[in-house]
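Peer 1: When you line the sequence shown up against numbering that gives the first Met the number 0, it's residues 0 to 464, in that order. Even glycine gets a Cβ: it sits at the ideal position worked out from N, Cα and C.
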Amino acid sequence: MATQAKRLKVDEASELSPLQSFLQWCNTVNLVLSEKVYLSKEGTVAEYGMLAKEDIEEGELLFTIPRSALLHQGTTKVSALLEKEKSSLESSSGWVPLLLSLLYEYTSSRSHWRPYLSLWTDFKKLDHPMFWSKVERARILKGTGIPEAVDTDLTNICSEYTDVVLPFIAKHPDLWNPSTHTLELYTQLVAFVMAYSFQEPQEDDEEVSDEEEDGEEEKAPNPPMMVPMADMLNHVSNHNANLEFTPDTLKMVCVRPIHKGEEVFNTYGQMANWQLLHMYGFTEPYPTNDNDTADIPFNNLYKAATRGVQSDPDLQLMEEMWDLLSQMMQEKAAFVFGRDGCLTDTELHTALRVLGMSREEFSDFKENEGWEEDDEEEEKITLAFSNEGLPELKSSWKWLIHEAARLTLGSYGDAAAEGRALVSERMLIEDKAALGGLNSRQQNALQVRYGQKSILSKVMELTQS
């Protein structure tokens with residue numbers, strides 16, 4: 000049965016109209032919403048959300064979406080053209096076909112998806128750090144890794160638009176117009192896709208080739224797509240609903256009991272607060288995000304390892320070790336720590352083990368092309384680099400981890416003042432009145448900084464000799 004979600008708790012008629020239009024559109028495309036839920040802007044953590052009208056049991060279906068109602072390059076009106084010229088639309092992101100679809104559908108008055116896309120009359124409420132000034136990002140997000148990630152994003156977006164999108168739309172002036180479909184709109188739609196799109200999980204093949212097992216031939220990830228209704232649910236790590244994919248429909252299913260009046264939360268995955276802010280423009284308040292992480296850059300471990308190295312031969316050996324480790328780690332630029340220990344324990348174990356080798360041991364290591372650990376050994380490594388295991392590591396390893404964490408903590412500001420800063424930030428987070436005095440950007444930046452710094456501080460505490 001179609002929804003009765005027209006009884007909305009929205010005050011202004013100007014806000015009611017696009018939502019009502021969207022709900023009517025849902026009926027026409029056979030998107031079916033349970034009678035036990037409704038959409039609202041009141042009682043939700045951010046913007047639109049879904050609330051329970053009555054108690055909902057685990058396993059109950061909240062809504063179903065036919066695949067024909069999904070918006071992607073295969074369902075847009077310009078799908079045939081995009082398919083015909085797909086070779087010219089290849090890019091590092093893989094998003095160009097979807098973004099061209101959105102450029103067309105968002106600005107077309109006759110778009111089949113207009114009632115859905117009209118929920119976003121503009122994109123000013125998207126507050127990703129990419130829309131902040133460079134100065135503001137550097138000032139309140141220093142050390143978090145977000146400013147660097149945003150700079151990379153903006154560079155890639157500009158080059159993708161200039162090199163791929165603009166030449167394509169110039170060839171098809173009957174469908175796109177550079178004056179309307181600008182770099183600014185393109186950037187906004189990138190943020191829209193980052194915040195609201197979904198990717199269908201890869202199918203698990205029972206038979207895996209030797210090349211795939213060796214990591215030499217990996218499947219490209221499924222392209223993102225816009226999923227009406229599902230994208231209106233907000234995220235928390237401790238979610239109560241989950242999107243399931245079937246051949247004909249997508250289904251939002253309750254995964255634990257939801258009480259009347261509670262918000263229905265989906266999950267965007269195991270996302271640390273820095274990832275949530277970077278990709279979605281929000282954070283979870285400390286300490287509710289169990290998936291929060293802090294990165295210790297590889298280079299900080301190298302800096303720690305070279306401290307005290309006096310002789311040129313020893314320094315040369317260290318550089319050789321680091322060059323080999325850099326090749327082994329490839330694109331991984333950091334050791335990741337969560338609240339319960341190191342999440343990249345195998346990489347950290349390898350780095351510490353190599354950096355502690357004598358010249359002879361290192362020569363043997365290179366000749367044998369490393370070593371292989373069995374499952375039992377990997378379990379031991381995971382335990383060794385957990386919060387319980389870190390204090391029991393050999394002193395030389397603890398010192399390296401401790402120093403690398405200390406160097407990383409110093410990247411947020413004055414290293415000597417970080418201890419005091421951590422205490423003051425904790426007090427600010429716990430003082431609801433003071434926290435409320437900050438604007439949303441300052442609050443989100445604080446949640447990211449404090450979450451990361453508290454993890455690094457814990458690592459230092461556990462590795463203190």
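1. For chain B, is any of its Cβ atoms less than 8 angstroms away from the one on residue 220?
2. Counting along the chain, where does the beta strand (DSSP E) carrying residue 55 start and finish?
3. Between the alpha carbons of residue 271 and residue 22, how many angstroms are there, rounded?
4. If you check the beta carbons only, do residue 227 and residue 64 fall under 8 angstroms apart?
5. Could you pull the start and end residues of the beta strand (DSSP E) that residue 39 belongs to?
6. Assign residue 77 to one of three DSSP states: helix, strand, or coil.
7. Are the CB atoms of residue 291 and residue 428 nearer to each other than 8 angstroms?
8. Only counting the same chain, and skipping five residues up and downstream in sequence, which positions put a Cβ closer than 6 angstroms to that of residue 98?
9. Out of curiosity, what's the CA-to-CA distance linking residue 231 and residue 190?
10. Starting from residue 296 and walking both ways along the beta strand (DSSP E), at which residues does that stretch end?
11. Report the partner residues of residue 191 according to the DSSP bridge assignment.
12. Hey, could you find the ends of the beta strand (DSSP E) residue 251 is sitting in?
13. Going by alpha carbons, who is nearest to residue 237 out of 304, 218, 256 and 266?
14. In chain order, what residues of the same chain have a beta carbon less than 6 angstroms from the beta carbon of residue 299, not counting five sequence neighbours either side?
15. Which stretch, first to last residue, makes up the beta strand (DSSP E) that contains residue 337?
16. CB-CB under 8 angstroms to residue 77, same chain, minus the five flanking residues each way: which ones, in chain order?
17. Compare the beta carbon distance of residue 16 and residue 114 with 8 angstroms and say whether it is the shorter of the two.
18. Does DSSP put residue 241 in a helix, in a strand, or in coil?
19. DSSP beta-bridge partners for residue 340?
20. One question on the structure: do residue 285 and residue 194 come within less than 8 angstroms of each other, judged by their Cβ atoms?
21. What residue does the beta strand (DSSP E) around residue 235 start on, and which one ends it?
22. From the DSSP output, read off the bridge partner residues of residue 264.
23. Where does residue 53 land, buried or exposed, given buried means 16+ other C-beta within 10 angstroms?
24. Could you say which of 140, 334 and 398 lies nearest to residue 443 if we only look at CA atoms?
25. Would you be able to state if there are at least three C-beta pairs under 8 angstroms between the region 84-98 and the region 302-316?
26. Just the Cα atoms here: how many angstroms apart are residue 46 and residue 229?
27. Do residue 33 and residue 69 have their beta-carbon atoms positioned less than 8 angstroms apart in this structure?
28. If you drop the 5 nearest sequence neighbours on each side, which residues of the same chain put their C-beta closer than 6 angstroms to that of residue 277?
29. Going straight from the alpha carbon of residue 243 to that of residue 96, what length do you get?
30. Going straight from the alpha carbon of residue 448 to that of residue 397, what length do you get?
31. Quick check: the region 347-362 against the region 416-426, are there 3 or more CB pairs under 8 angstroms?
32. Tell me whether residue 35 is buried or exposed, calling it buried when 16 or more other Cβ atoms sit within 10 Å of its Cβ.
33. Would residue 80 and residue 171 qualify as a contact pair, given that the criterion is a beta-carbon distance under 8 angstroms?
34. What is the DSSP secondary structure of residue 196, counted as helix, strand or coil?
35. What do you get for residue 309, buried or exposed, if any count of 16 or more other CB atoms within 10 angstroms of its CB means buried?
36. Does DSSP put residue 62 in a helix, in a strand, or in coil?
Peer 2: In short:
1. No chain B is present in this structure, which holds just one protein chain.
2. As a working mapping, residue 55 is identified with position 56 in the sequence shown. Per DSSP, residue 55 lies in no beta strand (DSSP E) and is assigned neither H nor E.
3. Position 272 of the sequence shown, counting from 1, holds the residue named residue 271. Position 23 of the sequence shown, counting from 1, holds the residue named residue 22. Straight across, the Cα-Cα distance linking residue 271 with residue 22 is about 33 angstroms.
4. Within the sequence shown, the letter at position 228 stands for residue 227. Within the sequence shown, the letter at position 65 stands for residue 64. Yes; because the gap between Cβ atoms is below 8 angstroms, this pair is in contact.
5. Taking the first residue of the sequence shown as position 1, residue 39 is located at position 40. Note, residue 39: beta strand (DSSP E), 36-39.
6. Residue 77 sits at position 78 when you count from the first residue of the sequence shown. Residue 77 falls in the coil class under three-state DSSP.
7. Stepping through the sequence shown from its first residue, residue 291 is reached at position 292. Stepping through the sequence shown from its first residue, residue 428 is reached at position 429. The answer is no: Cβ separation not under 8 angstroms.
8. Here residue 98 refers to the residue found at position 99 when the sequence shown is read from its first residue. 188, listed in sequence order.
9. To locate residue 231, count along the sequence shown from 1; it is residue 232. To locate residue 190, count along the sequence shown from 1; it is residue 191. Looking at the two C-alpha atoms, the distance is approximately 15 angstroms.
10. Residue mapping note: residue 296 aligns to position 297 of the sequence shown, counting from 1. For residue 296, the enclosing beta strand (DSSP E) stretches over residues 292-296.
11. The sequence position of residue 191 within the sequence shown is 192, counting from 1. Under DSSP, no beta-bridge partner is assigned to residue 191.
12. Residue numbering aside, residue 251 sits at position 252 when the sequence shown is read from its first letter. Residue 251 -> beta strand (DSSP E) spans 248-253.
13. Residue 237 sits at position 238 when you count from the first residue of the sequence shown. Ranking 304, 218, 256 and 266 by Cα distance to residue 237 puts 266 first.
14. To locate residue 299, count along the sequence shown from 1; it is residue 300. Contacts found: 403, 406 and 407.
15. What you label residue 337 is simply residue 338 of the sequence shown in a count that begins at 1. Under the DSSP assignment, residue 337 falls in the beta strand (DSSP E) whose first and last residues are 333-337.
16. Your numbering for residue 77 matches position 78 in the sequence shown. Excluding the 5 residues flanking it on each side, residue 77 has same chain C-beta neighbours closer than 8 angstroms at 99, 100, 103 and 174, in chain order.
17. As a working note, residue 16 is residue 17 in the sequence shown. As a working note, residue 114 is residue 115 in the sequence shown. Contact annotation: residue 16 and residue 114 have beta-carbon atoms that are not nearer than 8 angstroms.
18. Stepping through the sequence shown from its first residue, residue 241 is reached at position 242. In this structure, residue 241 counts as strand in the three-state DSSP scheme.
19. Residue numbering aside, residue 340 sits at position 341 when the sequence shown is read from its first letter. Among the bridge pairs identified by DSSP, residue 340 is matched with 337 and 385.
20. Taking the sequence shown and counting its residues from 1, the one referred to as residue 285 is at position 286. Taking the sequence shown and counting its residues from 1, the one referred to as residue 194 is at position 195. Taking 8 angstroms as the Cβ cut-off, residue 285 and residue 194 do not qualify as a contacting pair.
21. The residue given as residue 235 occupies position 236 in the sequence shown. Unbroken run through residue 235: none, as it is neither H nor E.
22. Residue mapping note: residue 264 aligns to position 265 of the sequence shown, counting from 1. Answer is 233.
23. The residue given as residue 53 occupies position 54 in the sequence shown. Classification of residue 53: exposed, given that the 10 Å Cβ count is below 16.
24. The residue given as residue 443 occupies position 444 in the sequence shown. Closest option to residue 443, Cα to Cα, is 140.
25. Touching, no, given that fewer than three Cβ pairs across the two stretches are closer than 8 angstroms.
26. In the sequence shown, residue 46 corresponds to position 47, counting from 1. In the sequence shown, residue 229 corresponds to position 230, counting from 1. Residue 229 has its alpha-carbon roughly 14 angstroms from the corresponding atom of residue 46.
27. Taking the first residue of the sequence shown as 1, we reach residue 69 at position 70. Taking the first residue of the sequence shown as 1, we reach residue 33 at position 34. With contacts defined as CB atoms closer than 8 angstroms, residue 69 and residue 33 fail to qualify as a contacting pair.
28. Translated into positions along the sequence shown, residue 277 becomes position 278. Within the same chain, Cβ atoms closer than 6 angstroms to the Cβ of residue 277 are found at 145 and 148, the five residues on either side in sequence being excluded.
29. Position 244 of the sequence shown, counting from 1, holds the residue named residue 243. Position 97 of the sequence shown, counting from 1, holds the residue named residue 96. Going from the Cα of residue 243 to the Cα of residue 96 covers about 24 angstroms.
30. Within the sequence shown, residue 448 is the residue found at index 449, counting from 1. Within the sequence shown, residue 397 is the residue found at index 398, counting from 1. Roughly 24 angstroms between the two C-alpha positions.
31. Touching, no, given that fewer than three Cβ pairs across the two stretches are closer than 8 angstroms.
32. Here the question's residue 35 lines up with position 36 in the sequence shown. The Cβ neighbour count for residue 35, taken over all protein chains shown within 10 Å, is at least 16; the residue is labelled buried.
33. Here residue 80 refers to the residue found at position 81 when the sequence shown is read from its first residue. Here residue 171 refers to the residue found at position 172 when the sequence shown is read from its first residue. Yes, Cβ-Cβ distance for residue 80 and residue 171 is below 8 angstroms.
34. Your numbering for residue 196 matches position 197 in the sequence shown. Look at residue 196 here: in three-state DSSP terms it is strand.
35. Here the question's residue 309 lines up with position 310 in the sequence shown. By the Cβ neighbour-count rule, residue 309 is exposed, with fewer than 16 other Cβ atoms within 10 Å of its own.
36. Indexing the sequence shown from 1 puts residue 62 at position 63. Residue state, collapsed to three classes: strand.
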